[in-house]
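Novice:
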Amino acid sequence: MAPTRPDLNRVGKPTGLPWYAKDVEFCRPLNNNEIPIPFRMPSPMRTRVSAHRVDNEYIDKYHLAVQLMKSLPDDDPRNFFQQASIHCAYCNGAYLMENTDKQFNVHSGWFFLPWHRWFLYFHERILADLLKDDTFALPFWNWDYEQGMTIPPMYLDDTLSLFDEKRNPNHHKSTIVDLGFNATRRKAAPPLSSQAQVGYNYRLMYKHVVSLARTTRAFHGAQIRKQSSSCTCAAGMLEIGPHNLVHDWIGSPVNKSCPCRSRTNTGTGTGSGNGDSCEQTCHGENMGILYSAARDPIFYAHHANIDRLWTVWKTLHGREDYRDPSLLDTRFFFYDENKLLVSVRAGDAFDPDNLRYNYQRCPTPWIHKPKYIDKPTDILLHGNPSIPLRKPPLDFTEPVKILVDRRFPEEQLLIEGIRVQRNIAVKFDIFINLDDALLAVSYVDTLPREFAGTFHEAPQGTTADVERGCGQSSLCVGISEVLSDLNVEEEETSIVVTLVPKVELEEPIKISDIRMV
Ligand code: C2O
Numbered sequence: 009m010a011p012t013r014p015d016l017n018r019v020g021k022p023t024g025l026p027w028y029a030k031d032v033e034f035c036r037p038l039n040n041n042e043i044p045i046p047f048r049m050p051s052p053m054r055t056r057v058s059a060h061r062v063d064n065e066y067i068d069k070y071h072l073a074v075q076l077m078k079s080l081p082d083d084d085p086r087n088f089f090q091q092a093s094i095h096c097a098y099c100n101g102a103y104l105m106e107n108t109d110k111q112f113n114v115h116s117g118w119f120f121l122p123w124h125r126w127f128l129y130f131h132e133r134i135l136a137d138l139l140k141d142d143t144f145a146l147p148f149w150n151w152d153y154e155q156g157m158t159i160p161p162m163y164l165d166d167t168l169s170l171f172d173e174k175r176n177p178n179h180h181k182s183t184i185v186d187l188g189f190n191a192t193r194r195k196a197a198p199p200l201s202s203q204a205q206v207g208y209n210y211r212l213m214y215k216h217v218v219s220l221a222r223t224t225r226a227f228h229g230a231q232i233r234k235q236s237s238s239c240t241c242a243a244g245m246l247e248i249g250p251h252n253l254v255h256d257w258i259g260s261p262v263n264k265s266c267p268c269r270s271r272t273n274t275g276t277g278t279g280s281g282n283g284d285s286c287e288q289t290c291h292g293e294n295m296g297i298l299y300s301a302a303r304d305p306i307f308y309a310h311h312a313n314i315d316r317l318w319t320v321w322k323t324l325h326g327r328e329d330y331r332d333p334s335l336l337d338t339r340f341f342f343y344d345e346n347k348l349l350v351s352v353r354a355g356d357a358f359d360p361d362n363l364r365y366n367y368q369r370c371p372t373p374w375i376h377k378p379k380y381i382d383k384p385t386d387i388l389l390h391g392n393p394s395i396p397l398r399k400p401p402l403d404f405t406e407p408v409k410i411l412v413d414r415r416f417p418e419e420q421l422l423i424e425g426i427r428v429q430r431n432i433a434v435k436f437d438i439f440i441n442l443d444d445a446l447l448a449v450s451y452v453d454t455l456p457r458e459f460a461g462t463f464h465e466a467p468q469g470t471t472a473d474v475e476r477g478c479g480q481s482s483l484c485v486g487i488s489e490v491l492s493d494l495n496v497e498e499e500e501t502s503i504v505v506t507l508v509p510k511v512e513l514e515e516p517i518k519i520s521d522i523r524m525v
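Every letter in the sequence shown is one number past the one before it in the numbering used here, and letter 79, counting from 1, is 87.
Pasting the structure below:
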């Protein structure tokens, strides 16, 4: 099983860029025919600090660094927008894996955590270099802790370089981040009280980072191999849940009356012709859609928190990263603070000590299992089914139930071949043995013991080119704890999985299979 790397001889126009993205040049990585140099461990130990706990001196410094970075020449690889462009290039198919026609995509699979760790590392080193302060470290946005659940004030001050106007205007300084957020709400569910919202967020964190993410695959996502012909795109529980949800919550709302929305398939965003009148704020820009996400400075604080949560997950009992050499020896290329193209090994990012940084300590109250006050019900035997059972392959716009055979010793539920409409963020929740009568918003909004995760996919644009990337995804959820919380006995040979769409859909969600693995 050979490791891979982006093929620098075939760097192209990103094929997966949404058609409404006008400035396509923005996603084309620099191609200076350079030979990447090996990475050398250099820096002094640095501590990343909580963005809610920094002082004015820090804010001035960080603002200055980002301002300097934004004002570097356009073709300087250290320029802020060049870096956002690198993120776009690695997520919209500007690179291919060497010796294949497969796009090198760093989302939805096992590259996600190590690639973003390296990406932040170089961003941080460039900031430090511009400041001539070797000890400078990024802040992290501690949105998983009650005291950090609002947007850190420095990102909201429009006189600072940390501000971005392409955000959701309804989410301002006093709004608590909503990890159950749907850009397009299915039902006008009443907003949760602050206290209930914090509780919801903690329970979602527990489920996605602790309970449902016990296995390497469930946490990190699927293996991505250059040999495999099938699409193996599948995000881990941290990526698909909290990571995607915070992106979506920050980005501007997806506007259904966007002037260009109906103009599908006008090409790959060449900047000419039909795409011209399109406003680039209708699709979740900047944070809510991958191609533009890293244009918002808050991206880096969000990802520092994701990175920190990886270190938290590793402290939990029995959790292990992938050790497969085809992942560890995979190479990524980045420009460093000296404008040199550097080749880094994915495996060298697995321990942050190696990269000489750590995180300020902060509480993680969500790590403890919440008390579920509801009683589990024996729905297979006594339930009063109002939703008929269906068999995959299937499509749905309303809640759907599927009987799934168990497989011992069981760990993981796999949902395969998920296809969703591309122009909005699509989301559905997964429940195990949920009584139909409890499908009311108020019940499922408590994230009860039956909850087995959220699937959330950012908008992707609508071109056929996107299909060449992945076009479909799958999800792997560790459900052993859910089954034991529900007192599912060994003798029971099947479980009922309920999938509940959380957004108003124009096209049904399709799945090809659902089974235990
Ligand atoms: Cu590369 Cu948060 O996305």
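Glycine included, every Cβ here is placed at the ideal spot set by N, Cα and C. Being a predicted model, the structure only gives us computed values, none of them experimental.
Take the Cβ of Ala10 as the centre, count every other Cβ of all protein chains shown within 10 Å, and call the residue buried at 16 or more, exposed below.
Specialist: Flag for Ala10 reads exposed.
Novice: Would you check if the segment 485-494 and the segment 414-423 touch, i.e. whether three or more CB-CB distances between them fall below 8 angstroms?
Specialist: Segments in contact, yes.
Novice: Using the Cα positions of Lys234 and Asp443, report the straight-line distance between them to the nearest angstrom.
Specialist: Each residue's Cα considered, the two are about 42 angstroms apart.
Novice: Rounded C-beta distance between Trp126 and Tyr330? I'm assuming under 8 angstroms.
Specialist: Not quite, the Cβ-Cβ distance comes to about 16 angstroms (not below 8 angstroms), so this is no contact.
Novice: Can you tell me whether Leu298 sits near the ligand C2O, meaning its C-beta is under 7 angstroms from at least one heavy atom of the ligand?
Specialist: Yes, the beta carbon of Leu298 sits closer than 7 angstroms to at least one heavy atom of the ligand C2O.
Novice: Give a single yes or no on whether His124 has its beta carbon closer than 7 angstroms to a heavy atom of the ligand C2O.
Specialist: Flag set: Cβ of His124 near the ligand C2O.
Novice: To the nearest angstrom, report how far apart Phe130 and Asn17 are at their CA atoms.
Specialist: Roughly 23 angstroms between the two C-alpha positions.
Novice: Which word fits Met142, buried or exposed, when buried means at least 16 other C-beta atoms lie within 10 angstroms of its C-beta?
Specialist: One detail in the question is off: residue 142 reads as Asp in this sequence, not Met. Exposed, by the Cβ-count rule.
Novice: Quick check on the DSSP output: the alpha helix (DSSP H) that includes His464 runs from which residue to which?
Specialist: Counting along the chain, His464 falls outside any alpha helix (DSSP H), though it belongs to the beta strand (DSSP E) covering Phe459 to Glu465.
Novice: Buried or exposed: which applies to Asn209, given that a residue is buried once 16 or more other Cβ atoms fall within 10 Å of its Cβ?
Specialist: Looking at its Cβ environment, which holds 16 or more other Cβ atoms inside 10 Å, Asn209 is buried.
Novice: Closest to Gly156 by CA distance: which of Ile432, Glu132, Ala242 and Thr183 is it?
Specialist: For Gly156, the nearest C-alpha among the options comes from Thr183.
Novice: What are the boundary residues of the beta strand (DSSP E) that includes Met8?
Specialist: Past the boundaries of the shown model lies residue 8; the chain is included only from 9 to 525, so the question cannot be answered.
Novice: How is Ala73 classed by DSSP in three states: helix, strand or coil?
Specialist: Reduced to three states, the DSSP call for Ala73 is helix.
Novice: Return the chain-ordered list of same chain residues with a C-beta closer than 7 angstroms to the C-beta of Val428, the five sequence neighbours on each side being excluded.
Specialist: So the qualifying residues of the chain are Val434, Glu465 and Ile517.
Novice: In terms of DSSP beta bridges, what is Ile440 paired with?
Specialist: DSSP output for Ile440 lists Val505 as bridge partner(s).
Novice: Considering only residues of the same chain and omitting the five flanking positions on each side of Leu139, which have a CB-CB separation below 8 angstroms?
Specialist: The residues are Lys69, Leu72, Ala73 and Leu76.
Novice: Quick one: any contact between the segment 215-227 and the segment 295-305, if contact means 3 or more CB pairs under 8 angstroms?
Specialist: In short, these stretches do not touch, since the Cβ pair count stays below three.
Novice: Does the beta carbon of His131 fall short of 7 angstroms from some heavy atom of the ligand C2O?
Specialist: Outside the cutoff, so no.
Novice: If I follow the unbroken alpha helix (DSSP H) through Lys322, where does it start and stop?
Specialist: It spans Ile306 to Lys322 - the alpha helix (DSSP H) in which Lys322 sits, taken as one unbroken run.
Novice: Using a Cβ-based criterion (distance less than 7 angstroms to any ligand heavy atom), does His464 qualify as near the ligand C2O?
Specialist: His464: no, Cβ never under 7 angstroms from the ligand C2O.
Novice: Should Glu2 go down as buried or exposed, given a rule of 16 or more other Cβ atoms within 10 Å for buried?
Specialist: The question about residue 2 has no answer, for the chain in this structure spans 9 to 525.
Novice: Report the option in Arg13, Pro122 and Ala59 whose CA atom is closest to the CA atom of Pro160.
Specialist: Looking at the Cα atoms, Ala59 is the closest of the given residues.
Novice: Using the Cα positions of Phe342 and Glu154, report the straight-line distance between them to the nearest angstrom.
Specialist: Each residue's alpha carbon lies about 35 angstroms from the other.
Novice: Please list, in chain order, all residues of the same chain as Phe148 whose beta carbon is under 7 angstroms from its beta carbon, the five residues on each side excluded.
Specialist: For Phe148, where only same-chain residues beyond five positions count, the Cβ hits under 7 angstroms are Arg56, Ser58, Ala59, Ala309, Ala312, Asn313, Arg316 and Tyr367.
Novice: Identify which residue in Leu455, Asp152, Phe112 and Ile503 has its Cα closest to the Cα of Ile381.
Specialist: Per the Cα distances, Leu455.
Novice: Step through the CB atoms of chain B and report whether any lies within less than 8 angstroms of the CB of Val57.
Specialist: Looking at the structure shown, chain B is missing, and only one protein chain is on hand.
Novice: Opposite Asp332 in the DSSP bridges: which residues?
Specialist: DSSP, once it has assigned bridges, lists no residue as partnering Asp332.
Novice: Out of curiosity, what's the CA-to-CA distance linking Asn431 and Pro46?
Specialist: Each residue's Cα considered, the two are about 40 angstroms apart.
Novice: Taking the alpha carbon of Arg457 as the reference point, which residue from Ile67, Leu447, Asp493 and Gly425 has its own alpha carbon closest?
Specialist: Residue Asp493 is the option with its Cα nearest to Arg457.
Novice: Examine the Cβ distances between the segment 250-264 and the segment 348-360 and report whether three or more of them are shorter than 8 angstroms.
Specialist: No, they do not touch.
Novice: Would you decide whether Thr167 is buried or exposed? Buried here means 16 or more other CB atoms lie within 10 Å of its CB.
Specialist: Under this definition Thr167 is an exposed residue.
Novice: Is it true that the segment 495-509 meets the segment 395-413, where meeting means three or more beta-carbon pairs spaced less than 8 angstroms apart?
Specialist: As far as the Cβ criterion goes, the segment 495-509 touches the segment 395-413, which means the pair count is three or higher.
Novice: With which residues is Thr55 paired in a DSSP beta bridge?
Specialist: For Thr55, which the question treats as bridged, DSSP gives the partners Asn366.
Novice: Kindly indicate the opening and closing residues of the beta strand (DSSP E) around Gly425.
Specialist: Segment Gln420 to Ile426, the beta strand (DSSP E) holding Gly425.
Novice: Do you know how far the Cα of Leu335 is from the Cα of Gln231?
Specialist: Roughly 8 angstroms separates the two Cα atoms.
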